[in-house]
Structure formats: C-alpha cells, structure tokens
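Residue numbers (the numbering used here): 248 to 500. Below is one structure, written out as structure tokens; the observations come after it.
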Amino acid sequence: MNYFIGLFYYVKGIFFFITHPKLWLCASFPALVAFLGYSQIIKLGEWAYSQCKVYAAQQKASWFFEVFGFFVDTILVVLLGLAGIFLFIIVNFLSTPLQRWLSKETEKQWGEQEVYASNVGNFFSRFFSGIWNQLHAAFDVVMVFFLVLLVGFIPVIGQIFGILVASYYTAYTYLNLTLDRKGFYYKQKKEILKKNRGKVIGFGMACLLFLFAPYFFSGIWNGIFSILTVPLQVVGATLLCLEKIDMKSLKSS
Numbered sequence: 248m249n250y251f252i253g254l255f256y257y258v259k260g261i262f263f264f265i266t267h268p269k270l271w272l273c274a275s276f277p278a279l280v281a282f283l284g285y286s287q288i289i290k291l292g293e294w295a296y297s298q299c300k301v302y303a304a305q306q307k308a309s310w311f312f313e314v315f316g317f318f319v320d321t322i323l324v325v326l327l328g329l330a331g332i333f334l335f336i337i338v339n340f341l342s343t344p345l346q347r348w349l350s351k352e353t354e355k356q357w358g359e360q361e362v363y364a365s366n367v368g369n370f371f372s373r374f375f376s377g378i379w380n381q382l383h384a385a386f387d388v389v390m391v392f393f394l395v396l397l398v399g400f401i402p403v404i405g406q407i408f409g410i411l412v413a414s415y416y417t418a419y420t421y422l423n424l425t426l427d428r429k430g431f432y433y434k435q436k437k438e439i440l441k442k443n444r445g446k447v448i449g450f451g452m453a454c455l456l457f458l459f460a461p462y463f464f465s466g467i468w469n470g471i472f473s474i475l476t477v478p479l480q481v482v483g484a485t486l487l488c489l490e491k492i493d494m495k496s497l498k499s500s
C-alpha cells in the first residue's frame, strides 16, 4: 500500500504544480538544467549500449562469450544503469540550489507562510557536518553498488533489486531537499527512509518512469518531458515529506 502512496504523490505533485502558477518561475531554471542534462544522459546511454552490443556481437564466436555471454550482458546492463544514476546525481548536484528554492516555494504554497529552516550550529560546524554527511552517503552508495553488482548475476531477481535500489536513491535525492531544510542529520534521514521505505521506493519508481519517458517519445513531447522532469519530482517529494512523514516526532527523538 505504501508503494502506491509514493506513486500517488508524484501524480499529486503534477496537479499541485499545474494549479500554482507561482511555482512556474521557480521551476524554469532547474527545468533548463534538466533539459540540457537528462537529454544528453539518455543519448549517451543509447550510444554506449549500442557500441557495447556491437562489440559483444563481434565476439560471440569466441568461447568466452559462448560460456559467459549471459553474465556479460547482465553486467553491461547493471553498469550502464549505475553510470546513468551517477550522471543523474551529478546533474542534480549542479541544480541543487535551484531545486531548494523550488522546494521552499512549494512549502509556502502548500500552506506554510513562514518556512522553517534550521540554523543549528555556526557556519563552520554546518559546513564540516555537510562534508561528513556527503562522505558517509558516498560510502553507502559504493557499498550498495557492489551489492547490486553481485546480485545482478541472478536472473530477474538481480534486475528487480537494481530497480528498487535505483528508485530508493532517486527519491532520496529529492526528499533530502526538505529534510535538509528542517535540520535533519544524515543518521536521522536514514531513519526516516527506513520507516517510510515503501513510500520512498514507490515515489522513486515514478521518478524513474518519468526520467526515462523522453526515450519513448520524439519531437516536442521529448522536450516537454525532459523539461518538466525535475520540477515535478521536487514538488512531489516536498508534498510527500510535509504530509506523510512525521518529522516533529523524529526531530525530538
């Protein structure tokens, strides 16, 4: 049931964005970054996959590919998927300040006239705490990367596990905007994600579907989906955080 709640909040974010014109200006800048970044990620992924498949087809006659061909294809898909996720994270990092602005404005339009933003500690403590949180998060991602790589050898189960992991971290990218603004530290964020794992994965799956939606369209629809991907995900994640996560009890615990 929680998975469907996460999916629902992506749809709710779409309607909230459409019915609040003040968000359109805030969304224009991260939308531009998304259009330039994600469209290139998709094109790069198509080119890399086609080149790898051509090389693999040329080597099919060798005994190595006859024996290990399936495992090579599995590793190829997993590596390309993870490479796409890392490029996705880089693009999001470049547009994070603009996404924070959009998330904050979404909270205002949602009903909070004065948006609370934590100012715990001085500048240097927050600065070094932020660096530590990023290193901690990077370590977790690396460990999950190797786990996904190992599980990827298992047919079907490996692919499903990879999708779940990608959904989880994709959703976290956008949920983190609101959680950061509320002053949560990395361990607290992990606790929130653990308690709301189903909602997070459900929302992340919706994000991935719309992230790769331009691949299935051409012309003007390709541009529309590429432009609106990030703003809709930011708005949906903000609403999900505000309405379905009890941040006050977590803050006091």
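Virtual Cβ for every residue (Gly too), placed ideally from N, Cα, C. Note that the structure is predicted; figures quoted are calculated from it, not measured.
Exercise for the section: For the alpha helix (DSSP H) containing Met452, list its first residue and its last residue. Expected result: Segment 444-458, the alpha helix (DSSP H) holding Met452.
Handout entry: Gly449 and Phe251 closer than 8 Å at C-beta
Key = Cβ atoms of Gly449 and Phe251: closer than 8 Å.
Practice task
Compute the Euclidean distance between the alpha carbons of Leu426 and Lys351, then round it to the nearest angstrom.
Solution key: Distance between the alpha carbons of Leu426 and Lys351: 11 Å.
Problem - Nearest-angstrom Cα separation, counted from Phe262 out to Leu456 - result: Roughly 17 Å separates the two Cα atoms.
Exercise for the section: Specify, as a first and last residue, the run of the alpha helix (DSSP H) that Phe263 falls within. Expected result: Counting along the chain, the alpha helix (DSSP H) containing Phe263 begins and ends at 249-265.
Practice task
Could you tell me which of Lys446, Tyr419, Arg444, Gly445 sits nearest to Tyr433, measuring between CA atoms?
Solution key: Answer by Cα proximity: Tyr419.
Problem - Spatial distance of Trp294 from Phe255 (CA atoms) - result: Spanning the two alpha carbons is a distance of roughly 33 Å.
Problem - Option nearest Glu490 by Cα separation, candidates Pro478, Leu272, Asn443, Ala453 - result: Per the C-alpha coordinates, the member of Pro478, Leu272, Asn443, Ala453 positioned closest to Glu490 is Asn443.
Problem - Close beta carbons around Ser446, own chain, < 7 Å, minus the five adjacent residues each side - result: Reading off the sequence, residue 446 comes out as Lys, not Ser. By the criterion of a C-beta distance shorter than 7 Å, Lys446 is surrounded in its chain by Asn249, Ile252, Gly253, Leu487, Lys491, once the five residues flanking it on both sides are discounted.
Practice task
Given a cut-off of 8 Å, decide if Leu326 and Val482 are closer than it, judged by their beta-carbon atoms.
Solution key: Inclusion of Val482 and Leu326 in the CB contact set at 8 Å is not warranted, their separation being larger than that value.
Handout entry: Cα-Cα separation between Pro478 and Phe472, rounded to whole angstroms
Key = In a straight line, the C-alpha of Pro478 is about 11 Å away from that of Phe472.
Problem - Integer Cβ distance of Thr353 from Thr266, believed to fall under 8 Å - result: The distance from the Cβ of Thr353 to that of Thr266 is about 12 Å, inconsistent with a contact at the 8 Å cut-off.
Exercise for the section: Take Gln356 and list the residues in its own chain whose beta-carbon comes closer than 7 Å to its own, dropping the five residues that flank it on each side. Expected result: So the qualifying residues of the chain are His267, Lys269, Leu270.
Handout entry: Same chain only: Cβ atoms within 8 Å of Leu440, ignoring 5 sequence neighbours per side
Key = Cβ neighbours of Leu440 beyond the five flanking positions: Tyr415, Tyr419, Leu422, Val447.
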